[in-house]
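In short: position in the sequence shown from 1, add 27, done, that's the working numbering. First the structure, in the form of structure tokens, and then the observations on it.
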Amino acid sequence: MLPIKYAPLSLLFSLPLFLSSVCNTAYAGENSNISAADRAQALRAAKSQATKKSPVKTVAQKAPAKFDFEGDDVNYANWKEVRAFLDDIAARDGFDRAALDELIARVRYVDTAVQLMKPAPPGKPKNWQAYSARFIEPVRINAGVKFWDENAEALARAEREYGVPAEIIVGIIGVETVYGRNTGRFRVLDALATLAFSYPESPNRAARMAFFKGELENALLFARKDGIDPLTLLGSYAGAIGLPQFMPSSIMKYAVDFDGDSHIDLRNSTADAIGSVANFLIEHGWKRDDPAIITYPATVSPSRAWEKFIGQGLEAKYRLQELQAAGVSSVANPPQNMLFGLIDLQNGSEATEYSLATNNFFAITQYNRSYFYAMSVIDLGKAVRQARSR
Numbered sequence: 028m029l030p031i032k033y034a035p036l037s038l039l040f041s042l043p044l045f046l047s048s049v050c051n052t053a054y055a056g057e058n059s060n061i062s063a064a065d066r067a068q069a070l071r072a073a074k075s076q077a078t079k080k081s082p083v084k085t086v087a088q089k090a091p092a093k094f095d096f097e098g099d100d101v102n103y104a105n106w107k108e109v110r111a112f113l114d115d116i117a118a119r120d121g122f123d124r125a126a127l128d129e130l131i132a133r134v135r136y137v138d139t140a141v142q143l144m145k146p147a148p149p150g151k152p153k154n155w156q157a158y159s160a161r162f163i164e165p166v167r168i169n170a171g172v173k174f175w176d177e178n179a180e181a182l183a184r185a186e187r188e189y190g191v192p193a194e195i196i197v198g199i200i201g202v203e204t205v206y207g208r209n210t211g212r213f214r215v216l217d218a219l220a221t222l223a224f225s226y227p228e229s230p231n232r233a234a235r236m237a238f239f240k241g242e243l244e245n246a247l248l249f250a251r252k253d254g255i256d257p258l259t260l261l262g263s264y265a266g267a268i269g270l271p272q273f274m275p276s277s278i279m280k281y282a283v284d285f286d287g288d289s290h291i292d293l294r295n296s297t298a299d300a301i302g303s304v305a306n307f308l309i310e311h312g313w314k315r316d317d318p319a320i321i322t323y324p325a326t327v328s329p330s331r332a333w334e335k336f337i338g339q340g341l342e343a344k345y346r347l348q349e350l351q352a353a354g355v356s357s358v359a360n361p362p363q364n365m366l367f368g369l370i371d372l373q374n375g376s377e378a379t380e381y382s383l384a385t386n387n388f389f390a391i392t393q394y395n396r397s398y399f400y401a402m403s404v405i406d407l408g409k410a411v412r413q414a415r416s417r
């Protein structure tokens, strides 16, 4: 397969569809800072817009669209900042400049992505129990049992090779996409270009645009590396791809060919998705020799001396004796020789829940920087394991 630098663009766009293996969190690690609820909202918004554009009466049923939002023509090729970006990656990565012009002419603006990136209006207080209930529920648990049964060998091999328990991998893929059911149907290049050059006004707009420019570049690099027409990559409205919702940069850094077919396919290969999740966690600090228990329920004293340990970063860095001296205790008898973080799971007007979290809990937060997310991954994996053993 000729690289993009030498291959005619028409050849790139005529590649068989089955080669467009990866599709769709992320935004994970970066992978999935976007919640499953937000992804669902994006899909509903896209479908709603498509409905508004459709005639009221139809003569015959049309085949379903390959993606949920086609976007609007904006002629990105005429934008000064886009041309500068293309000049830069052509020089840095060896892309053919004329081919990039032809490609960007086919990229569209996706207003849905812009709207969903806007800061959420003030709403209800955080509620861990409500958040958890969206993920630890029968449909997802039953789908997880089926996924585990069908992929038992790959999960066991990942556990052996990487030291990441099968239930953690199952938990992540379940929270991210319900085991591949909700991987997203936006063209990745449309979403990434929109957010790279049309990100909504916000205090961190410049940093977010720089981030998405990097993801756009990595999407093109990945497509070239794996012989994929970049316009066939589908994903979330933030450009996250596949069962584990990896952003393109995470695919380039952490995804693995776990099924041995010489391609990384995070949408259609469950083995690749499983191995990639395990590798991501190892690369972000997962320790295979740590105890299987990742969190320990805790209680805190009325003195509130423990408050200094809340919100102190995504790492376990406090000795148990320090936490106990400040009024933190646990009937679960955490190991004395480990470091912990104190995490708070807020429940709106109800009492906050506290836990002592180990290093491996914080490795999960590198996938999505949220205590709620990491705890849901742990709880879903545990629920699937228990349901499978019945």
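Yeah, the Cβ is synthetic: ideal placement off N, Cα and C, and Gly gets one too.
Within a Cβ cutoff of 7 Å, which residues of the same chain sit near residue i, ignoring the five residues on either side of it in sequence?
i: ALA390; result: LEU308, HIS311, GLY312 and TRP313
i: GLY207; result: LEU270
i: ARG133; result: LEU258
Look at the Cβ atom of residue i, then the Cβ atom of residue j, and state whether they are nearer than 8 Å.
i: LEU247; j: ILE268; result: no
i: LEU366; j: LYS335; result: no
i: ALA353; j: ALA384; result: no
i: ASP253; j: ILE291; result: yes
i: GLY287; j: VAL215; result: no
i: LEU407; j: ILE131; result: no
i: LYS151; j: GLY368; result: no
i: SER276; j: ASN231; result: no
Which same chain residues end up closer than 6 Å to residue i when comparing Cβ atoms and leaving out the 5 residues on each side of it in sequence?
i: THR297; result: ASN178
i: VAL101; result: TYR136
In chain order, what residues of the same chain have a beta carbon less than 8 Å from the beta carbon of residue i, not counting five sequence neighbours either side?
i: THR210; result: CYS50, ASN51, THR204, LEU261, GLY262, SER263, ILE268, GLY269, LEU270, GLN272 and ARG294
i: LEU182; result: TRP175, ALA193, ILE196, VAL197 and ILE301
i: VAL172; result: VAL411, ALA414 and ARG415
i: ARG124; result: LEU113, ASP114 and ALA117
i: SER372; result: Reading the sequence as shown, one finds Leu at residue 372 and not Ser. So the list reads TRP155, THR379, GLU380, TYR381, SER382, TYR398, PHE399 and MET402, once near-sequence residues are dropped.
Using only CA atoms, which one of the options lies nearest to residue i?
i: ARG396; options: ILE163, LEU341 and ASN360; result: LEU341
i: VAL304; options: ASP114, ASP284 and GLU228; result: ASP284
i: ASP18; options: SER229, LEU127 and VAL141; result: Look at the range of the chain in this structure, 28 to 417, and you will see that residue 18 is not part of it.
i: ALA185; options: ASN306, ASN387 and THR322; result: ASN306
i: ASN364; options: SER330, ASN386 and THR379; result: ASN386
i: ALA220; options: VAL202, MET279, LEU243 and SER229; result: LEU243
i: GLU377; options: GLU129, LYS153 and PRO148; result: LYS153
i: PRO148; options: SER229, ASN245 and GLY121; result: SER229
i: MET144; options: ASP299, GLU188, SER276 and TYR226; result: TYR226
i: VAL404; options: ARG251, THR322 and ASN231; result: THR322
Given this structure, state the Cα-to-Cα distance separating residue i from residue j, to the nearest angstrom.
i: LYS240; j: ILE199; result: 26 Å
i: TYR136; j: ALA325; result: 48 Å
i: VAL327; j: ASN360; result: 15 Å
i: TYR103; j: PRO146; result: 25 Å
i: SER356; j: ASP317; result: 21 Å
i: VAL166; j: LEU347; result: 38 Å
i: ILE337; j: VAL109; result: 42 Å
i: ALA67; j: ARG212; result: Only weak support exists for where ALA67 lies, its pLDDT of 46 falling under 50; the value from the coordinates is given anyway. Straight-line Cα distance between these residues: approximately 11 Å.
i: ASP217; j: ALA234; result: 19 Å
i: ASN105; j: ALA111; result: 11 Å
i: ALA170; j: VAL202; result: 11 Å
i: VAL358; j: GLN351; result: 12 Å
i: ILE320; j: ASP138; result: 43 Å
i: PHE249; j: ILE278; result: 8 Å
i: ARG435; j: LYS409; result: What is shown of the chain runs 28 to 417, which leaves residue 435 out entirely.
i: ARG417; j: ALA126; result: 56 Å
Fully enclosed by the stretch 295-365, which alpha helix (DSSP H) runs are 4 residues long or longer?
For the stretch 295-365, whole alpha helix (DSSP H) runs of length 4 or above, ordered along the chain, are 297-310 and 347-352.
Could I get the ranges of all uninterrupted alpha helix (DSSP H) runs contained in the stretch 215-244, with 4 residues as the minimum, in chain order?
215-224
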